[in-house]
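Asker: Structure provided below as structure tokens; questions to follow.
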Amino acid sequence: MMFLPGYRSVLETKFRNFDDDLALKEGAVISGYASVFGAQDQGGDIVQSGAYGTSLGRLEKSGRAVKMLWQHDPTQPIGVWDEVREDARGLFVKGRLLLEVQAAREAHALLKAGAIDGLSIGYRTLRSEKTASGQRMLHEIELWEVSLVTFPMLPQARVQAEVSDMEENLALTLAETFREARELLA
């Protein structure tokens, strides 16, 4: 990211490793948690449940989406996030690396090899408070982008990902479809 002398950026970034929920499917689909509620990052910030809701609603209403970038570089979009949502755990993301893009092919190879394993959010804090112990509780965040990164802000999380072959993908898809069908029929 380029910074001009005397210019103070309002873009903040937070890194988060993919966790057990990361999946690489069909060679280019990835998913995981970009943020976990209640977890303190290395900068002392703790994102609160619901912090992304207003921002995600505004993006949806305007027809825009959270960007997928490589290492927070706005000149290197590498894919699209098809799903960005809050759940009880945190900010869940699912998207596709666009393998027609050179940086996406490189990111894909690095993910498969386990050389990178981080997710990071680019955002602007809209509402926060400091605790007596110096932590910053983030109550409302304007989310701009989620990047694949080398060094996440929560380094204790780790990648649990494998590239699935077509047969394994089909089995996983069928299992998920049957599970959803059982839930609908119940």
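Going by my numbering, the sequence shown opens with residue 256, and the numbers climb by one from there.
Note that beta-carbon positions come from the ideal geometry of N, C-alpha and C, so glycine has one too.
Going by beta carbon distance, what residues of the same chain come within less than 6 Å of G334, once the five residues before and after it are set aside?
Answerer: The residues are M323, G350, R351, L352, L353 and A359.
Asker: What residue range is occupied by the uninterrupted alpha helix (DSSP H) comprising R360?
Answerer: Q357 to A368 is the span of the alpha helix (DSSP H), which, as asked, contains R360.
Asker: For Y378, I'd like the list of residues in its chain whose CB is within less than 7 Å of its CB, leaving aside the five on either flank, ordered along the chain.
Answerer: So the list reads E267, I396, E397, L398 and W399, once near-sequence residues are dropped.
Asker: Return the bridge partner residues of T380 from the DSSP annotation.
Answerer: Paired residue(s): I396.
Asker: Could you compute how far the alpha carbon of L314 sits from the alpha carbon of A306?
Answerer: The alpha-carbon atoms of L314 and A306 are separated by roughly 14 Å.
Asker: Roughly how many whole angstroms lie between the Cα atoms of E341 and A370?
Answerer: Rounded to the nearest angstrom, the two C-alpha atoms are 27 Å apart.
Asker: What does the alpha-carbon distance come out to for the pair P407 and A289?
Answerer: Rounded to the nearest angstrom, the two C-alpha atoms are 10 Å apart.
Asker: Can you look up R319 in the DSSP assignment and give me helix, strand or coil?
Answerer: Residue state, collapsed to three classes: coil.
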